[in-house]
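Trainee: Numbering-wise, the sequence shown is residues 1 to 389 according to UniProt numbering. Ideal Cβ positions, reconstructed from N, Cα and C, are used throughout, including at glycine. A single structure is presented below for examination.
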Amino acid sequence: MSPDFPTYAPSDEHEMLRSTVRELAEAKIAPFAAQVDEESRFPQEALDALVQNDLHAVHIPEEYGGAGADALATVIVIEEVARVCGSSSLIPAVNKLGTVPVLLAGSEELKKKYLAPVARGEAMFSYALSEPEAGSDAASMKTRAVRDGDHWVLNGTKMWITNAGVSQYYTVMAVTDPSAGARGISAFIVDKDDEGVSFGAKERKLGIKGSPTRQVILEDVRIPADRIIGAEGTGFKTALATLDHTRITIAAQALGIAQGALDYALGYVKERKQFGKAIADFQGVQFMLADMAMRLEGARQLTYHAAMKSERAMNGEKVPDLTFVSSACKCLASDVAMDVTTDAVQLLGGYGYTREFPVERMMRDAKITQIYEGTNQIQRMVMARQLLK
Ligand code: CAA
Ligand code: FAD
1 MSPDFPTYAP SDEHEMLRST VRELAEAKIA PFAAQVDEES RFPQEALDAL VQNDLHAVHI
61 PEEYGGAGAD ALATVIVIEE VARVCGSSSL IPAVNKLGTV PVLLAGSEEL KKKYLAPVAR
121 GEAMFSYALS EPEAGSDAAS MKTRAVRDGD HWVLNGTKMW ITNAGVSQYY TVMAVTDPSA
181 GARGISAFIV DKDDEGVSFG AKERKLGIKG SPTRQVILED VRIPADRIIG AEGTGFKTAL
241 ATLDHTRITI AAQALGIAQG ALDYALGYVK ERKQFGKAIA DFQGVQFMLA DMAMRLEGAR
301 QLTYHAAMKS ERAMNGEKVP DLTFVSSACK CLASDVAMDV TTDAVQLLGG YGYTREFPVE
361 RMMRDAKITQ IYEGTNQIQR MVMARQLLK
């Protein structure tokens with residue numbers, strides 16, 4: 001018998017980390033969450049608080065100056081930040097998304113040079129795969145990288161890039177051999193200060209309004225040849241292998257948003273009185289709460305299970321079902337987050353529909369988790385391919 005079952009249980013250290021982050025998030029991030037949403041502005045207070053407490057990119061290994069937190073600890077950090085502010089949770093989540101390609105496939109020089117400033121909180125890292133005409137079908141990208149002596153020259157437009165403009169560094173996927181399909185795509189590190197890099201206007205979004213989403217426009221961007229991540233032609237595989245680890249962080253964001261909405265609704269139903277008693281006394285309300293908590297806990301367990309598999313894979317173990325569990329937890333947790341936040345609005349009645357209460361923001365923030373890092377239709381396609389192969 002394999003003693004596999006205890007491996008995804010959070011340890012005492014994980015639970016201590018959760019309390020620390022919860023306290024910090026409630027004190028330093030929650031007070032600005034509504035304003036950040038209302039004004040569609042970057043949550044600088046959250047970045048400052050996270051950096052001060054070394055929680056902005058906890059996944060970076062100690063050898064590159066990071067906190068060396070495991071995948072489950074990273075999930076817990078993202079979950080607890082998302083519980084109070086979905087936008088702010090994209091700081092640790094996207095720092096992980098941008099840097100995992102370097103961790104998985106980058107040279108030792110790239111790791112040393114580009115991970116240390118992120119670990120120190122001096123730079124953020126974004127991930128640029130999508131394009132205006134290439135979203136779900138990411139391999140159909142048009143951005144080109146052409147070798148010119150000791151340099152690569154990049155041209156193209158990346159779309160929907162989270163934290164674009166705020167991040168210093170970008171993992172950019174680009175076509176190096178147009179005749180080779182997905183095997184003709186390579187990954188590069190682009191610096192915001194490289195000549196020819198510019199950003200589109202901020203997208204005006206339904207939710208996660210504090211997280212800037214912009215185009216990254218590359219016009220004859222000339223970068224040294226050694227900024228390629230891994231071998232030429234391996235960029236698409238690196239991009240997908242990265243998502244195997246980071247879809248779990250989007251699941252974490254979804255869990256956190258849903259937990260925030262459930263916690264708020266639990267407090268509200270005990271206070272709100274109708275028909276002479278607290279609405280929490282009605283069985284119809286109790287059953288809704290029970291369903292919300294039940295589905296949330298199910299999604300959480302799958303996410304933690306996936307996180308531990310991700311950790312094992314990062315440590316060099318072969319984990320054949322990582323792709324499946326990663327897609328599964330992102331898909332389940334985001335669907336649960338949409339249901340739970342919608343039910344939370346319902347439980348607050350008309351008040352829930354207003355900006356005086358946080359649950360409508362949480363419902364708007366939850367929606368994106370069904371769309372990015374691959375829509376939930378794409379997650380189902382990924383899972384089905386794994387089942388049928
Ligand atoms: N790990 C490593 N390699 C993988 C892989 C994985 N998980 N999955 C597939 N590959 C390899 C395949 O083996 C294949 O390689 P070979 O040709 O050598 O065999 C190659 O990658 C191409 O694979 P497919 O033929 O399966 O590729 P496809 O074109 O059919 O597309 C897809 C696959 C699953 C649809 C993929 O395009 C996809 O995931 N699309 C969704 C896009 C996405 O998730 N974007 C996220 C953007 S980031 C974001 O949104 C940011 C944010 O949240 C903040
Ligand atoms: P499309 O691919 O055009 O899909 C439209 C619809 O068709 C969807 O419902 C989709 O599920 C469905 N569909 C497509 N193909 C199939 C199929 N084969 N079977 C069934 N249904 C299908 N990308 C990055 O690279 N970096 C980022 O940092 C980033 N951040 C983002 C932040 C935000 C706020 C948003 C909105 C997007 C972000 N993205 C980012 C892009 C995101 O990953 C894409 O939006 C997503 O993958 C979907 O691509 P699309 O928008 O082009 O939709």
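Whole angstroms is fine: what's the gap from Trp-160's alpha carbon to Gln-283's?
Mentor: Your numbering for residue 160 matches position 160 in the sequence shown. Your numbering for residue 283 matches position 283 in the sequence shown. Rounded to whole angstroms, Trp-160 to Gln-283 spans 43 Å at the Cα level.
Trainee: When the Cα of Asp-335 is compared with those of Ile-250, Leu-289, Ala-306, which residue comes out closest?
Mentor: In the sequence shown, counting from the first residue as 1, residue 335 sits at position 335. Here the closest residue by C-alpha is Ile-250.
Trainee: Return the chain-ordered list of same chain residues with a C-beta closer than 8 Å to the C-beta of Gly-184, the five sequence neighbours on each side being excluded.
Mentor: Residue mapping note: residue 184 aligns to position 184 of the sequence shown, counting from 1. Result list for Gly-184: Val-175, Thr-176, Asp-177, Pro-178, Gly-233, in chain order.
Trainee: How big is the Cα-Cα spacing for Thr-171 and Val-285?
Mentor: What you label residue 171 is simply residue 171 of the sequence shown in a count that begins at 1. What you label residue 285 is simply residue 285 of the sequence shown in a count that begins at 1. So the alpha carbons of these two residues sit roughly 46 Å apart.
Trainee: Would the C-beta of Phe-236 count as close to the ligand CAA, meaning under 7 Å from any of its heavy atoms?
Mentor: Start at 1 with the first residue of the sequence shown, and residue 236 comes out as number 236. Checking the Cβ of Phe-236 against the ligand CAA gives yes.
Trainee: Buried or exposed: where does residue 429 fall if 16 or more other Cβ atoms within 10 Å of its Cβ makes it buried?
Mentor: This structure cannot speak to residue 429, because the chain is shown only from 1 to 389.
Trainee: To the nearest angstrom, how far is the alpha carbon of Leu-347 from that of Ala-265?
Mentor: On the sequence shown, position 347 is the one that residue 347 refers to. On the sequence shown, position 265 is the one that residue 265 refers to. Distance between the alpha carbons of Leu-347 and Ala-265 is about 7 Å.
Trainee: For the beta strand (DSSP E) holding Gln-168, just list the boundary residues, first then last.
Mentor: One-based indexing of the sequence shown puts residue 168 at position 168. From DSSP, Gln-168 is part of no beta strand (DSSP E); its letter is neither H nor E.
Trainee: When you measure from the CB of Ala-119 to every non-hydrogen atom of the ligand CAA, does any distance come out below 7 Å?
Mentor: Locating residue 119 in the sequence shown gives position 119, counting from the first residue. Not so, every heavy atom of the ligand CAA lies at least 7 Å from the Cβ.
Trainee: Between the alpha carbons of Leu-243 and Asp-281, how many angstroms are there, rounded?
Mentor: Counted from its first residue, the sequence shown places residue 243 at position 243. Counted from its first residue, the sequence shown places residue 281 at position 281. Whole-angstrom Cα-Cα distance: 44 Å.
Trainee: Compare the Cα-Cα distances from Val-77 to each of Gly-65, Gly-98, Leu-103, Ala-49 and report the closest residue.
Mentor: Counting from 1 along the sequence shown, the entry for residue 77 is found at position 77. Cα-wise, what sits closest to Val-77 is Ala-49.
Trainee: Please report the distance separating the alpha-carbon of Leu-289 from that of Met-338.
Mentor: Residue numbering aside, residue 289 sits at position 289 when the sequence shown is read from its first letter. Residue numbering aside, residue 338 sits at position 338 when the sequence shown is read from its first letter. Cα to Cα, the separation comes out at about 15 Å.
Trainee: Report buried or exposed for Asn-315, applying the criterion of at least 16 other Cβ atoms within 10 angstroms of its Cβ.
Mentor: In the sequence shown, residue 315 corresponds to position 315, counting from 1. Note on Asn-315: under 16 other CB atoms within 10 angstroms of its CB, so exposed under the neighbour-count rule.
Trainee: Please work out which residues of its chain come closer than 8 Å, Cβ to Cβ, to Thr-354, disregarding the five sequence neighbours upstream and downstream, and give them in chain order.
Mentor: Translated into the one-based positions of the sequence shown, residue 354 becomes position 354. Result list for Thr-354: Glu-360, in chain order.
Trainee: Can you tell me which residues form a DSSP beta bridge with Gly-156?
Mentor: Looking up residue 156 in the sequence shown gives position 156. Residue pairing by DSSP puts Gly-156 in a beta bridge opposite Leu-218.
Trainee: Let's test the definition: count the other Cβ atoms within 10 Å of the Cβ of Gly-298 and tell me whether it reaches 16, buried, or not, exposed.
Mentor: Within the sequence shown, residue 298 is the residue found at index 298, counting from 1. Exposed, by the Cβ-count rule.
Trainee: To the nearest angstrom, report how far apart Phe-5 and His-305 are at their CA atoms.
Mentor: As a working note, residue 5 is residue 5 in the sequence shown. As a working note, residue 305 is residue 305 in the sequence shown. Because the pLDDT at Phe-5 is just 49, under 50, the model does not fix this residue reliably, and the value given afterwards should be weighed accordingly. Each residue's Cα considered, the two are about 9 Å apart.
Trainee: List in chain order: all unbroken alpha helix (DSSP H) runs of 4+ residues lying wholly within the stretch 30-99.
Mentor: Complete alpha helix (DSSP H) runs here, min 4: 30-39, 44-52, 71-84.
Trainee: Answer yes or no: the CB of Thr-99 versus the heavy atoms of the ligand FAD, is any distance below 7 Å?
Mentor: Counting from one through the sequence shown, the residue named residue 99 turns up at place 99. Thr-99 Cβ: outside cutoff for every heavy atom of the ligand FAD.
Trainee: Under the three-state reduction of DSSP, which class applies to Gly-256: helix, strand or coil?
Mentor: As a first step, residue 256 is located in the sequence shown; it is residue number 256 there, counting from the start. Reduced to three states, the DSSP call for Gly-256 is helix.
Trainee: In chain order, what residues of the same chain have a beta carbon less than 6 Å from the beta carbon of Ile-279, not counting five sequence neighbours either side?
Mentor: Against the sequence shown, residue 279 aligns to sequence position 279. So the list reads Val-269, Arg-272, Val-285, once near-sequence residues are dropped.
Trainee: At what residues does the beta strand (DSSP E) containing Tyr-372 begin and finish?
Mentor: Numbered from its first residue, the sequence shown carries residue 372 at position 372. Careful: Tyr-372 lies outside any beta strand (DSSP E) and carries neither H nor E.
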